[in-house]
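Enquirer:
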Amino acid sequence: MQKKKINAKVYSQKEIAPGIYDMYLETDLAGAAVPGQFVCLYPKDKSTLLPRPISICEADKERGLLRLVYRVAGKGTAEFSGYQRGEEAALLGNLGNGFPLEAAKGKKVFLMGGGIGIPPMLELAKRMEAEKQIILGYRDGNTFLKEDLEKYGRVYVATEDGSMGTKGNVLDAVRENVLGADVVFACGPMPMLRAIKQYAARQGIAAYISLEEHMACGVGACLGCVVKTKEKDAHSHVNNARICTDGPVFEAGEVEI
Amino acid sequence: MNTQVTIAGVTFQNPVMTASGTFGSGMEYGEFVDLNKLGAVVTKGVANVPWPGNPTPRVAEVYGGMLNAIGLQNPGIDVFLERDLPFLKQYHTRVIVNVCGKTVEDYIEVTERLREAPVDMLEINVSCPNVKEGAIAFGQKADALFHITSQIKKHAGQPIIMKLSPNVTDISEMARAAEAAGADALSLINTITGMKIDIYKRTFALANKTGGMSGPAIKPVAVRMVYQAAHAVKIPVIGMGGISTAEDAIEFLLAGASAVSVGAANFYNPYVTEEIIEGIEDYMKTCGIEDIQEIIGAVK
Chain A
324 MQKKKINAKV YSQKEIAPGI YDMYLETDLA GAAVPGQFVC LYPKDKSTLL
374 PRPISICEAD KERGLLRLVY RVAGKGTAEF SGYQRGEEAA LLGNLGNGFP
424 LEAAKGKKVF LMGGGIGIPP MLELAKRMEA EKQIILGYRD GNTFLKEDLE
474 KYGRVYVATE DGSMGTKGNV LDAVRENVLG ADVVFACGPM PMLRAIKQYA
524 ARQGIAAYIS LEEHMACGVG ACLGCVVKTK EKDAHSHVNN ARICTDGPVF
574 EAGEVEI
Chain B
3 MNTQVTIAGV TFQNPVMTAS GTFGSGMEYG EFVDLNKLGA VVTKGVANVP
53 WPGNPTPRVA EVYGGMLNAI GLQNPGIDVF LERDLPFLKQ YHTRVIVNVC
103 GKTVEDYIEV TERLREAPVD MLEINVSCPN VKEGAIAFGQ KADALFHITS
153 QIKKHAGQPI IMKLSPNVTD ISEMARAAEA AGADALSLIN TITGMKIDIY
203 KRTFALANKT GGMSGPAIKP VAVRMVYQAA HAVKIPVIGM GGISTAEDAI
253 EFLLAGASAV SVGAANFYNP YVTEEIIEGI EDYMKTCGIE DIQEIIGAVK
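This is how it looks when you write it as structure tokens:
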């Protein structure tokens with residue numbers, strides 16, 4: 324489906340953990356969404372012009388609902404968090420490549436989400452045909468989406484403060500529970516993704532990681548959100564892939580992070 | 003109703019262009035707007051060889067605008083001629099190629115490579131604030147601007163537009179230097195150098211520390227400079243800086259711009275160029291304007 328910018332009605336919104344909001348939007352973009360893709364949300368306050376890229380948490384084709392779970396990080400997301408049912412939200416979608424589902428088929432996989440990198444794991448877990456070990460990293464015991472994810476696989480939790488599950492990060496949970504996998508799918512903060520890249524290289528397995536960077540256009544024109552790549556990519560010819568259009572999902576070995 | 007404008011002998015179906023660096027080479031926005039409807043596509047800067055650009059973060063939001071320090075990442079003239087130009091030639095929109103370089107020779111090399119190419123005009127970028135060599139170094143001193151303009155003019159197969167920096171003391175002096183050196187037109191403003199600091203992380207928002215500011219917040223500065231430049235020279239001026247609506251575009255035309263470019267607004271409204279073209283037509287209808295020439299420079 325072609326990318327488009329639309330106004331979508333807010334179907335519902337609630338705070339599901341401190342500063343973490345869960346918003347459903349009514350839009351036909353839900354029908355074409357692929358796990359790992361994202362949308363750009365635009366604040367109405369004209370002093371905040373740039374789009375906020377937010378990952379797609381769930382896409383309900385039948386009901387035409389797109390679920391976005393996001394953290395309030397500044398003025399733009401603070402505005403979104405105030406949207407009530409029936410209000411309109413401006414968004415551009417669907418953007419990016421998404422996770423390669425075929426790479427998981429019939430395999431034993433890790434789905435690793437750290438903090439606000441957890442939401443895209445939900446639609447991915449729903450659609451993936453594999454033996455799923457879902458490993459979630461939180462700051463503390465204020466978990467979110469844990470119950471949703473438990474429907475689709477065995478969930479392991481790590482918390483930075485040790486208040487729930489393994490004390491530490493997602494890889495600490497892997498070690499503590501003596502887990503293994505054939506392939507990794509991950510989204511989370513850069514230090515976590517760097518550690519996963521190293522882990523996958525040591526294990527000799529593929530890791531598909533979803534990256535984030537400040538972006539201005541979301542459609543591949545501004546060249547703001549690039550990541551260094553191992554090989555020269557076809558578009559830039561200079562080892563710089565665009566996270567918004569060539570990603571956000573990359574095989575970890577392809578990118579220099 | 004006539005919306006056509008002519009700049010250095012090149013006729014444009016309407017005065018709405020895309021600002022270099024905000025529209026790639028048209029491919030990405032072709033999904034949102036009909037490229038055939040635009041006055042011209044002005045491409046991302048093209049150098050003689052591929053440029054990797056700056057480290058990230060390259061963009062940051064500021065009040066009513068943004069900062070960027072992309073650093074003129076581009077795939078180079080070879081890829082431009084093989085891939086990007088053939089793409090643009092599928093449309094009957096005018097093509098203006100933005101040319102960048104580190105040395106006068108770099109600019110001349112790209113200019114020469116484009117000599118026989120099917121492009122309508124060249125826009126010479128002597129005003130990018132985000133690269134250490136070249137670019138703005140040629141655009142902040144009148145004698146340096148005169149020199150590079152006259153050198154490029156000797157080699158150019160198409161009319162040349164010199165893109166001026168707002169980061170100067172006297173824009174009129176710069177405009178006159180470019181005109182005296184043989185420029186066929188001017189475009190302004192490029193971005194205004196700025197800086198943003200994250201007070202909690204105690205770091206710069208951009209890896210490059212400084213960046214170029216664009217967006218609606220810079221528009222009054224741009225209108226003023228376009229007015230001054232247009233009154234300093236006889237060659238046409240293409241105005242830009244914070245245009246996001248038809249009203250903004252008309253303001254620049256009234257100030258003396260023969261055409262306008264839309265930049266950062268593409269980022270938050272991918273349909274904006276077409277909307278501005280329609281909005282200018284509506285304004286002309288509402289105000290009983292038969293020919294767009296009637297409003298160009300109408301406010302003295």
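Residue numbers (the numbering used here), protein chains in the order written: chain A, 324 to 580; chain B, 3 to 302.
Glycine included, each C-beta is placed from N, C-alpha and C at the ideal position.
Please read these numbers as outputs of a predicted model, since none were measured by experiment.
Indicate the three-state DSSP secondary structure (helix, strand or coil) for I343 (chain A) in the structure shown.
Expert: Three-state DSSP puts I343 (chain A) in a strand.
Enquirer: Tell me which residues share the same chain as T489 (chain A) and place their Cβ nearer than 6 Å to its Cβ, disregarding the 5 neighbours each side in the sequence.
Expert: Contacts found: A481, D495, A496 and E499.
Enquirer: With a CB to CB cut of under 7 Å and the five nearest residues on each side skipped, what residues in its chain are close to Y522 (chain A)?
Expert: The residues are L494.
Enquirer: If we cut at 7 Å on Cβ distances, does E536 (chain A) have a partner in chain B?
Expert: It does: the Cβ of E536 (chain A) has a partner Cβ on chain B nearer than 7 Å.
Enquirer: Using beta-carbon positions only, say whether P52 (chain B) and H537 (chain A) come within less than 7 Å of one another.
Expert: Contact flag unset, no.
Enquirer: Ignore the nearest five residues each way along the sequence and tell me which others in A62 (chain B)'s own chain have a CB closer than 6 Å to its CB.
Expert: For A62 (chain B), where only same-chain residues beyond five positions count, the Cβ hits under 6 Å are L69, K198, A207 and L208.
Enquirer: Are at least three pairs of beta-carbons, each pair with one atom in the stretch 264–279 of chain B and one in the stretch 222–241 of chain B, less than 8 Å apart?
Expert: At 8 Å Cβ cutoff, the stretches do not touch.
Enquirer: Identify, in the order they occur along the chain, each residue of the same chain with its Cβ nearer than 6 Å to the Cβ of I173 (chain B), setting aside the five sequence neighbours on each side.
Expert: The residues are M227, Q230 and A231.
Enquirer: Is K551 (chain A) helix, strand or coil when you go by DSSP?
Expert: Residue state, collapsed to three classes: strand.
Enquirer: At a CB-CB cut-off below 9 Å, which residues of chain A make contact with T247 (chain B)?
Expert: Within chain A, no residue comes near T247 (chain B); the closest Cβ sits about 11 Å away, beyond 9 Å.
Enquirer: Closest to I72 (chain B) by CA distance: which of A:E411, A:C540 and A:A453 is it?
Expert: Among A:E411, A:C540 and A:A453, the Cα nearest to that of I72 (chain B) belongs to A:C540.
Enquirer: Between P57 (chain B) and the rest of its own chain, which residues show a CB-CB distance below 6 Å, the 5 nearest in sequence each way excluded?
Expert: Closer than 6 Å at Cβ, skipping near neighbours: A209.
Enquirer: Any beta carbon from chain A within less than 7 Å of M68 (chain B)'s own beta carbon?
Expert: At least one chain A Cβ lies under 7 Å of M68 (chain B).
Enquirer: Rounded to whole angstroms, what's the CA-CA distance from T350 (chain A) to Y365 (chain A)? Just pull it up for me.
Expert: Using only the alpha carbons, I get a separation of about 15 Å.
Enquirer: Using 8 Å as the Cβ pair cut-off and three pairs as the minimum, do the stretch 76–89 of chain B and the stretch 21–33 of chain B touch?
Expert: Segments in contact, yes.
Enquirer: How should E381 (chain A) be labelled, buried or exposed, when 16 other C-beta atoms within 10 angstroms of its C-beta is the threshold for buried?
Expert: Buried, because 16 or more other Cβ atoms sit within 10 Å of the Cβ of E381 (chain A).
Enquirer: Can you pull out the residues from the stretch 522–534 of chain A whose beta carbon lies closer than 9 Å to at least one beta carbon of chain B?
Expert: Going along the stretch 522–534 of chain A in chain order, one finds no residue with a Cβ nearer than 9 Å to chain B.
Enquirer: Closest Cβ-Cβ distance between R60 (chain B) and chain A: below 7 Å?
Expert: Taking Cβ atoms only, chain A reaches closer than 7 Å to R60 (chain B), which makes this a yes.
Enquirer: I believe G217 (chain B) touches G66 (chain B) by the beta-carbon criterion, under 8 Å. Please report the beta-carbon distance rounded to the nearest angstrom.
Expert: Correct: roughly 6 Å between the Cβ atoms.
Enquirer: By the 8 Å beta-carbon criterion, what residues does the stretch 263–291 of chain B contribute toward chain A?
Expert: For the stretch 263–291 of chain B, which is checked against every Cβ of chain A, the residues closer than 8 Å are A266, N268, F269, Y270, N271, P272 and Y273.
Enquirer: Would you call the CB atoms of S486 (chain A) and D463 (chain A) closer than 7 Å?
Expert: Against a cut-off of 7 Å, the Cβ pair of D463 (chain A) and S486 (chain A) comes out as a contact.
Enquirer: Threshold first: 4 residues or longer. Then list the alpha helix (DSSP H) segments lying entirely within the stretch 257–287 of chain B, N to C.
Expert: Taking only runs of at least 4 residues, the alpha helix (DSSP H) segments lying wholly in the stretch 257–287 of chain B are 267–270.
Enquirer: Is Q456 (chain A) close to chain B, meaning its C-beta is less than 7 Å from at least one C-beta of that chain?
Expert: No - not a single Cβ of chain B is within 7 Å of the one on Q456 (chain A).
Enquirer: Taking the beta strand (DSSP E) that L391 (chain A) falls in, what are its first and last residues?
Expert: Looking at the DSSP string, the run of the beta strand (DSSP E) that includes L391 (chain A) is L388 to R394.
Enquirer: Taking A427 (chain A) as part of the alpha helix (DSSP H), name the residues at either end of that continuous run.
Expert: That residue, A427 (chain A), is in no alpha helix (DSSP H); it is neither H nor E in DSSP.
Enquirer: If you check the beta carbons only, do P358 (chain A) and L447 (chain A) fall under 7 Å apart?
Expert: Going by C-beta atoms, P358 (chain A) is nearer than 7 Å to L447 (chain A).
Enquirer: Counting only beta-carbon separations shorter than 7 Å, does V81 (chain B) have a partner in chain A?
Expert: Chain A contact via Cβ: present.
Enquirer: With three or more beta-carbon pairs closer than 8 Å as the criterion, would you say the stretch 31–39 of chain B touches the stretch 102–118 of chain B?
Expert: No, they do not touch.
Enquirer: Under the three-state reduction of DSSP, which class applies to R477 (chain A): helix, strand or coil?
Expert: Residue state, collapsed to three classes: strand.
Enquirer: In chain B, which residues lie less than 8 Å from V328 (chain A) when you measure between Cβ atoms?
Expert: It should be pointed out that residue 328 (chain A) corresponds to Lys in this sequence rather than to Val. In chain order: F34, N271, P272 and Y273.
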